[in-house]
Structures are given as structure tokens and as C-alpha cells.
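Presented below is the structure to which this report refers.
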Amino acid sequence: MARPASRATPLGVPLGVPLGVPLGVPLAPPHASVIHRWQRGVSVREVPLVTPWFLLFAGFFVVGTAIAAFRLFGGSLASFAAMTDVYAWGVWKTFNVMALTALGSSALAVGLAAWVLGRHRLHSVMRTALVTSFLFYTTALLGLLTDVGRPWNFWNLLLPWRWNTESALWEVALAMPVYCALFLLYENGPMVVEKLWNARSDRVRGWVRTWHPRIRKTYPFVVPFAYVLPIIHQSSLGGLMVLAGHKVHPLWQTDLLPLLYLVQALICGFGSVIVVLMTSCLVWRRPLDVKVLGELANLMSWTTLGWLVLRLGDVVVRGRVGDALAMDAFGVLFLAETAAVAVPALVLRSAHLRETPRALYTMALLACLGGIAYRFIPTTLAYAPGAGSTYFPAVPEIVITLGLVATVVGAFSLVVKRFAVLPAPLESWHHAVEHDSHAHPSHRSDAHGHAVHD
Amino acid sequence: MILLSRRHLLRTVGTGLSTAAVGGAAAVAAAPAALAAPRTAPADAVGMLYDTTKCIGCKACVAECAKVNDLVPDTELSGGLWQMPADLNTQTKNIIKLWADPATGQTSFVKRQCMHCVDPACVSGCPFNALQKGALGIVGWDGARCIGCRYCEVSCPFEIPKFEWKKFNPKIVKCELCRHVLDRDGQPGCTRVCPTGAVVFGRRTDLLADAKARVAAHPGTYHLDHVYGETEAGGTQVLYLSHVPFEKLGLPALPDRSVPTGLRHGGVALKLIALPVVLYGVFLGFFRRNWKVHEEEAARLKAEKGLEEQL
Amino acid sequence: MTYAETGSIGDALLRSGVSRRVLLEFAGKLMVAAPAGLALAAQWSPEAVAEEIAKARRPSVIWLHFQDCTGCTETLLRASKPDLGDLILNLISLDYHETVMAASGKQAEAALRDAMTQNAGKYICVVEGSIPTKDQGIYMKLAGRPALEVLADVAGKAAAVIAIGSCASWGGVPSAGINPTGAVGVDALLKDKPIVNVPGCPPNPYTFLGVVLQYATAGTLPALDAEKRPLFAFDRYIHDHCPRRAHFDAGRFARQFGDEGHRHGYCLYPLGCKGPITHAGCSTRHFNELPEVWPIGIGAPCVGCTERNVAFKIPIFETSAVPAPTPSAQYPEIRPETGTVSAVATGIVGAVVGALAGAAYVASKRFSKVAGDEAVPGAPAGDGGKGGKGV
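Chains as they are written, first to last, in the numbering used here: chain E, 511 to 964; chain S, 91 to 401; chain R, 13 to 403.
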């Protein structure tokens, strides 16, 4: 077999060392050595589009959207939320934006690992990461839209002379929609094009034949920017709380917040893609691929260890160890959150456990939980401590949040049934092609899965 | 044995390094901004000096503020009888509060309103400059730019800006030193009606000198002989003299470093131009190399199994 | 009896034997009753005011009674001291006044005609009582003529018209409820005469006298508000000058007639006092020249007798709105508590978190504990292309 000319890094040094992350598995071209299960994205065909569970999520979506529409077009925030002047940011900003976009950073995490660090094995899960990222970001932006009090002034985004370039929130307001609407869509484009290519219409296929190569040429130039943007705005999300100054408890308040939030986003990105993949396999009866999952877990684990060094080092350097061990509410919260983040990292250092499905699943869940907790706590639980005021989201707030999360789940299930997203062995692809041609007798495919017209 | 192609190496590293060089140059240019000196008040900055030892709690300032600013007095707690706000709110830009220590019987009034910081956190955080430090250093709000994100509420260390939660077209409400009538009246409503001169209006430099003179003239009267607002959070244009500890009056202990300083490491040019450019260059370099691997893999897939790539 | 010549007030007082001391006393009272807004009273001393009054020509006054109770006349004439009563009768020349004049019948009608012709264009027409307008105004007739006609006739030749009392100002008691007679005030009917309304039920006599004497001494009428009421007496709400205001601000109230608060003289707001919405000067002027003889002073809540939208409209014991609330005597805390926690919301969040945790636990159980085991329950071995139900 021909070997690709450039398999290895320059200088013969394993890839990744410049970034400080040693390899867990020797880098190998996909066609050599291990045969792993996940080779290709295959759409879920065996299950109907609309199922009872889907209806449940769709129901949440409808109710949540209706309430959000009422809020946006005729209501005041007071009627729909329990936010006060002391706790001015409610669950939409602190949970949907701060916390859930961390889960939605899987595009960034897996993308960097696959395309920059050269972990080619991860390409098979790239689409899953992209779809989940897109859905989490879109719902976060919708939540943001419901949350701002004067959304009609968003057109100021188009007036550069009104931008406050010093503001972290401006960065987020500009970068997140651009990232979601341009880059995530772009990155999710190929799976749509793939479906169009198998469409019946000759005109569409002709269109694809003309434009696809041109767009494809831009891919290596556009996608790196799709990693720069989230790096900027995920760190800006951390920067947001820096401005809250003494109102954030000293265990969390630090000038390092942007960096910590960014790295935590990477961790949650890996964690969420692991959880999504494994849950999808469970639900739609697909085999796992412990090699791929193990690699993701390994990357997550090393990133977390780096994060822990930064986090704990920061607490020590700022002289807050006493607070951490104080055994008051905040000390205990800090310890719990750190444990939730550290335990998966340490457990997943074991190569054996990294390939054990149950350990993978529980540790990834815990990592996501810990990551969300870290990003969420400085905005709420550790915010304005001792102010004598309380905040707990009101029922409409919760319903809208649940609606947004349900949208992610429901939309995800729709997308994986219609597009080739979830990874599966190669044989599944062929089965899917067969299944497809049986379902549409007039729509015949050749052995390669391409539609054939007489 | 891995074959190392010098051409590949040079090309990849070269791409990365050249963009890094460009970015680095920009970073060097931006460096002076990164180490910028702390901001100071404008020369004509105006403010107020409030002295708790002179305040009698008559609340004429509260009543007058509502009048001058066309605010409907907040009578919710009193069932319509009195202007009785529990705190600063969207109908109350200025308030008098009372602190009392039941054990010692010591009391103090405190007047709370916007502090008009020298380096305001709210101004730094507002995405579209709806809150701006304008003429005379007064921090004012512009409704045409505000998106209602409430970041100003989150960032203000004194918890001053108030948001009209109950309105469909909500505003941010806070003291603006009556700038809309400053030309006509020469001073804000509260200082104009104060019967004892507990709160006075003037240039910050003059007020600071006056405050220090008072401290010097009455040793042991003022808590810690300290003028609150001289350096707190980078300095505020509203200054306080108190005979009781400031924290008791709700004025938090703040470091001298202004709140936005924590985000100014590196400066905007570094954060928004140099860093992205450098990162992009680095990513691009590695990406293109892995893209070649991917292309070869895709070609192989097509040739052997007749399958298209999946990006 | 007509007074053919009026002459100066000073002369009239001399002739009647009213002492200068009484005039000085009256001047002093007028200054207190009109501290601002009345040019006559804005002199340096009671002596100066007295001199201004004495110099002035005694104004000729034609006093008409329509739908009235004569209370406004009483308020003017029932001074607590007889001297003062004499004085008042000499300050103005009551050329026609049905209550005090000796004449009646045809003599009275003649007196009216004479007074009108002798002082045409110069007399002040004082109107007491409202004028019925329904059914061509037959509900009030004077010597067979409806009040509408009498008013038009007498006021038409007057220099100025003073509507004394709420009835003449805007309809008063006869206009209450369904207003069966269509009673209206003077200014609803007269459009081209200077009118001064002095509402009240009854109004304070010093307010009326201030207006008349101002006209007598300087020929001008005092500054009026939008309802033609003299500003020197009607520019403030009772609430804004009430001696019990400190009790209101401090929240000390009389809640029932005769209770502790009532006996201590606390604020009568809960008993329906209309002070916050009533313009009048009763709190400073009082009645009968005795201190604290005014409704609130004796513990009766103000009923808003001067205001057309209050008196005989808003029930006496219904609390009034406070149009311009001012700070109370209480102070807010340094750090008030805000925020509510909804039990339902907590429940929902708890349920959702519990459900997710449960689902996570169940899901994790279904994964294998064996390293390297890639099979998933329900999936056929080898591939995952066919079969199985799911989401």
C-alpha cells in the first residue's frame, strides 16, 4: 500500500509536544494497524422520524417557544423571570450561554484535535461534534435573544463606530453569532451537500458538482478561523465575570478567568461529545468504538490536568487556600466542583479504564457536570455572596430553558436520522444504501451509494 | 523510518512563523497599550462630597431628585401614601438610608447614588457604549445604544444601575448628576436643596481638598481619617466622609485597582488583532499539513471502496 | 335703604363708631390670612394695611342669593366679636343684601333697581348660591324672574363678579347627585365678566374680604388659578400646609373616631380626609377668629368642600389619593433583601435534575464494565445498520 508522504511531524518529534500534550497512542495512518468500528458517519434509518420521545421534546420546544415569543413580543422580563437588580443575569445567560456553550465547544475541541493535532482517527466523530455544537450554540443564542431587554438595538452590531472593543460582552455578542451562523453552518455544510448529492434532482446534483469543489478548496483556509473565533469568545465569556470584581467570591474571581473558561470549554467539548456519542449508540443500538472514545477521553484527561494546574495554582498564588479549606458553603462548593473535574481526569489516566464503556460514560458525565458547574458557579452561586438577596429562576424561565435543551435533543435526533452524522462501521453504510434503495425503488443507488438514474 | 521532507517542513513552519511574525509585530506595537497607566479623572471632573456628620436625614434630596428628574415617586410599599423606596430603583435615583447599631445606639445616615467612577466598570463592559463617561466625567446612559443586557448591573461594584424589569421598553436608571439641568441650575437637585450642606457639588479636585481639610480640622471625627472614593476602585467622583466604618453604610471595601484593569492585560490590539492573527497562522500551518493527509486518505477511499470523503 | 354715596371706608368707620383698634386687628388678621399673593396685604405692617383700607372708597356690593343656604353670608357676618361684625359691615357697602336689609317686597325690588342704576359699572356683584338651568331655570325665581335672568341683568352691569361659596363657584350642594335642577356656578353662565370664585362651604370670610378690598384699594383683582380662584388662598393643598402633616409622614393616624390616635390629634387620613386633594387655606385661616376652629383642627376629616370633583361626590369616609407623595419618616435599610423563590420552580428543577440523574444512572448501567467491549445492548453484533427501536 502506498504510504502518504507526510505522516509524521517535522523534526521526527511526535505531534503535540509543542503544545505540551503527549500522545497516548502512536499516531498512525487510518488504514494501518487497528481496525476500529467507527469509520464513517451513517444516518439512523431503522427508526421512524417521529417517535413518542420526539413528540415529548417537540412539545417542550413548542411550549418554550410560545412563552419566549410572548416575552419577546409583548411581555416584560419581570413577568417571565425572577431576575432582580442584584441578580441581573438569570438562568438564560448563566446556564444556556455560559454553561451550555461549553458543552457546545465540541466542534472546537474535536476539530483542534483532529485537524491541528493530527488525530485522524477522530474524523469519524467530527460530524457529531459539529452538529451538537451547532445546536447548543443556536439555542444559547435564542436564549440570549429572549433575555436581553432591548433586542431592537442589536442593529448596533452593524455600526462599528458604536462598538466598545474593550468590552468582553461585545466580543461575545459579535463573535458568537458570527461563529454560529457562518462557521458552524459552513462546517456542517458537507453533510448537507452529501445528502444533496444523493438527491433525485439532476439540477441539484449539477449544482453540487459545480460548486462543491470550489467551496471545498476554501476549507483549509476557513476552518482554522472557526477555531480562532471560539477561542476568542469562550475566553471572553470568562472575562465577563472579571468585571464583577469583588462581587464574585475570591475562590473564583481571578484575572485568569478567561483562560480557565477557555480550557474548561475544551474539556466540556470532549466530555459532551463522548456522552452524546455513547448515549446515541445506546439509544439507536450501535456498537461503540472504544479506541476513538478512549482517545477523546485521553485528550480530555490531559487537558483537565493542565486546567487543574492553572486553577489550583491560581488559588494558591492568590493566597486563597484558607478559603478553599474553610468548610463553609463556598469552600465545600469549591472542593466538590474541583473533585467533579479532577476525578474523571485521574480515573481516565488508566488506559484500561479509558476503554471500559461504563467508566468512560460515567467519567465523561462527571466531567461535563464539573465543567458546567465551574462555568456556572461564578455567575450565580458565588456571585454577590452575602448580599441578603436570593434568586431562583421563575417557572417561565425554567420552561424556556427546558424548551431550549429539548430543542437540542429533538433536533439532534432529527438530524441524525436524515443526515450521515453518527459514526458506524463501514458495513452499515452499505446496509443503509441497500435500505435506502429498497425504500425508494425508483431511487436506485450503485454499489458506492450514489444514486443512479436511467 | 519517517521520511522528512524539507520542503514540507519549510513550508509549514514558514507559514506559521511568518504569520506569527506579523502578529508579533502587532503585539509589540500594542505593548504600550498593554502597560497603560491607570486612568485618571478629567481635569474638569465634577462630583459631590457627602459628609455623614452633617446629614440630618431630612430626605429633601430624595424628594427633589424625583422632581428634577421627572420620576414618579415610588409609593408601592406605603400603599400610595409616601415616597418610600426600599432601595435605589427605577423610580429612585437617590436615596437616604439609615444605619443603626442597637447595641451602642450609634447611627448614621448615608446618601446613595451613582458614584461616577473615574474608571467605571459599567462603561468598560457596555457592549455598545450606551453608558459613557461624558462631559465633566459624568456617566450617562444613551437609550439608542442599549440592548438591555444588564452587564452594567453585573459589573458595578456599588450595584447602582437599575433596570426597568416591568416595562416592555426598559431603561437603565441611575443618577446622572442632573446633567440635563446643570447649565440652568449650576448644580444637581440634591445638593441644591440640602439644608445643612451635607452634600455639596463641585470639581472633584476642590471637593477632595475640602474633604481633606475637614479631616485635618477635626481629628478623630472621621473614620480612619479617610476620604472614601479618593482611590477606591480607581477613584470615584462622589466622595464620602463618615464617622462610622464605610462598610456599615454599604460602601464596600475595594482595592485601589479599578475594576476594568483586570481585563486590560494585553490591550485591545493584542487581543483582537495580534493574537487571532498568530493563532490563525499557527492553525493554518498545521491544518494544511493534516489536510494533505486527509486528501490522500480520501483518494484512497475513493479508489479502493468507491466512497466519497466525509468532512 | 340705599346709600346714595359711599365715600371712603375710613369715613364710614368713623361714622359708625368702629374703633381704629378693631380696624388694626382686622388688618393684622388679613395679613395672616393672605401671606402671599394679595397686594393689599403685602405691606410692612398692619398700620400700613389699615391705612390703605381706610383710604379706599367703600365698594358698592350687590349681593344676590340664589340656590343657597345663606351660609356664606353667615360666615361673613358671624364674626366672633361684635366689633368685627360692625367693621365688616362698614368695609363694604351692602347696597342690596336680602338677608340683612330691612326692606322686603316691592321696597326691596326698588332697592335693587336703585343700587344698579346709581353704581352702574362700578359695583361688585356677589353671587351666593347656584343657578338652576333646567326647565328655563324655574326652580329659583326672584320677584317672579328666574335666577338666570336676574344674574344676567345684575352681573351684566357689574364691574366684577365674586362667586362666594361652592354653590356659586361650581354648583355646590344643589348640583350633587343627579342635579335635578341643573344647578351650575356663575362662571358657567357668565363669559365676559371678570369673575372670582371663592369656593368653600362656607369659605373663609377673610378670603372674600381680601378680594373685595383689593379691588376697592387698587382696582385690581388678585392673581387667579385655572378655576378662577385667588391664588393667595387656593394655591396649596390642605395636605401641604396641615399642622398634622408630621403625623402623616410618621405614620401616626387616627383610625376611628374617639380612639387613642384621634384623641392625640393624629392625622385623619384613614378617616377619609380629603386634604391631599383639596385646595384651600383653612389650615391657616381657621374660622370664627378662634384658633384651631376648622374641621381638621377639631378632629373632623376634611371633606373637600371647595373642590367640584371632591365635595358631595367622593364619599366622606373614602380615603383620597395622594397626588405628590413625599418621603415618609421611615428609612430604608442599608442592605434590603430582594428576590423571591418560587416553590413550583424549585419543584420543577428538582424533578428535572432528578430525572436526568436517574436517566444517566440507568444509561450508565447498560454499558459494559469490560474493557474493549464495544457491544451495546440491543445492537446486533458486527454492525448497527438494521433492526431495533429507539428514539
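Built from N, CA and C at the ideal position, the CB exists for glycine as well.
Check                                                                                                                                                                               : Outcome
Where does A171/R sit, in a helix, a strand or coil, going by DSSP?                                                                                                                 : coil
What span of residues does the beta strand (DSSP E) with Y278/R cover, start to end?                                                                                                : Looking at the DSSP string, Y278/R is not in any beta strand (DSSP E), and its letter there is neither H nor E.
What residues from chain E crowd round K381/R, counting only those whose CB sits closer than 9 Å?                                                                                   : T866, P867, R868 and A869
Kindly list the residues whose CB is nearer than 6 Å to the CB of C148/S, restricted to its own chain and excluding five residues on each side of it in sequence; keep chain order. : none
Counting only beta-carbon atoms, is V738/E nearer than 7 Å to chain C?                                                                                                              : Given the protein chain composition of this structure (E, S and R), no chain C is represented.
So, using beta-carbon positions, are S142/R and C179/R closer together than 7 Å?                                                                                                    : yes
Which ranges would you report for the alpha helix (DSSP H) in the stretch 798-878 of chain E if only whole runs of at least 4 residues count?                                       : 800-827, 831-834, 839-857 and 861-864
Specify, as a first and last residue, the run of the beta strand (DSSP E) that W662/E falls within.                                                                                 : That residue, W662/E, is in no beta strand (DSSP E); it is neither H nor E in DSSP.
In this structure, what does DSSP give as the bridge partners for A266/R?                                                                                                           : The partner list for A266/R (beta bridge, DSSP) is empty, contrary to what the question assumes.
Against S239/S, what residues of chain E qualify as contacts under a CB-to-CB distance less than 7 Å, listed in chain order?                                                        : It is Cys, not Ser, that sits at residue 239/S in the sequence shown. Under the 7 Å cutoff, chain E gives V658 and L679.
Output the boundary residues of the beta strand (DSSP E) element that contains G137/S.                                                                                              : V136 to D141
Going by beta-carbon coordinates alone, are T318/R and A292/R separated by less than 7 Å?                                                                                           : yes
I need the straight-line Cα distance from N216/R to V305/R, nearest angstrom please.                                                                                                : 11 Å
For G402/R and chain S, any beta-carbon pair shorter than 7 Å?                                                                                                                      : Summary for G402/R: the model assigns pLDDT 47, below 50, so the residue's position carries little reliability; its value from the coordinates is reported in the next sentence. Closer than 7 Å: no.
Among A683/E, Y597/E, W563/E and L559/E, whose alpha-carbon lies nearest the alpha-carbon of Y901/E?                                                                                : Y597/E
Note the first and the last residue of the continuous alpha helix (DSSP H) segment covering N102/R.                                                                                 : P94 to L103
Please identify the residue among Y737/E, M636/E, L891/E and A807/E whose C-alpha is closest to the C-alpha of L843/E.                                                              : L891/E
Is it true that the CB of C212/S sits closer than 7 Å to the CB of C242/S?                                                                                                          : yes
Can you grab the Cα-Cα spacing for the pair C791/E / A375/R, in whole Å?                                                                                                            : 11 Å
Whole-angstrom Cβ separation of Y312/S and L329/S, contact assumed at under 8 Å?                                                                                                    : Between L329/S and Y312/S the Cβ distance is about 12 Å, and since that is not below 8 Å, they are no contact.
Using a Cβ cut-off of 7 Å, pull out every chain E residue sitting near G325/S, in sequence order please.                                                                            : In chain order: nothing, as chain E lies at least about 15 Å away.
Flag this pair as yes or no: are the beta carbons of A612/E and G881/E separated by less than 7 Å?                                                                                  : yes
Below 7 Å on C-beta distance, what does A211/S contact in chain E?                                                                                                                  : L753 and G755
Residues of chain R with CB under 9 Å from W255/S, in chain order?                                                                                                                  : Within 9 Å Cβ-Cβ: nothing; W255/S doesn't reach chain R, min ~11 Å.
For G168/R, collect the residues of the same chain with a Cβ closer than 8 Å to its Cβ; drop the 5 residues on either side in sequence, then sort them by chain order.              : K205
Taking Cβ-Cβ distances shorter than 8 Å, what residues in chain R pair up with K187/S?                                                                                              : Y343, P344, E345 and I346
Buried or exposed for N452/E, going by 16 or more other Cβ atoms inside 10 Å?                                                                                                       : Residue 452/E lies beyond the range of chain E shown here (511 to 964); nothing can be said about it.
Quick one: is E337/S buried, meaning 16 or more other Cβ sit within 10 Å of its Cβ, or exposed?                                                                                     : exposed
Against chain E, which members of the stretch 307-320 of chain R pass a CB distance test of less than 7 Å?                                                                          : none
DSSP three-state call for E140/R: helix, strand or coil?                                                                                                                            : strand
If distances are taken between C-alpha atoms only, which option among I21/R, L26/R and A68/R comes closest to T232/R?                                                               : A68/R
Within this structure, are the beta carbons of N209/R and R241/R separated by less than 7 Å?                                                                                        : yes
Does DSSP put S543/E in a helix, in a strand, or in coil?                                                                                                                           : Confidence at S543/E is low in this model, with a pLDDT of 41, below 50, so the placement of that residue should be treated as unreliable; the coordinate-derived value is given next. In this structure, S543/E counts as coil in the three-state DSSP scheme.
Can you check whether the CB of W794/E is closer than 7 Å to the CB of V620/E?                                                                                                      : no
Taking DSSP as the reference, what is the three-state secondary structure of P242/R?                                                                                                : strand
Should K93/R be labelled buried (16 or more other beta-carbon atoms within 10 Å of its own) or exposed?                                                                             : exposed
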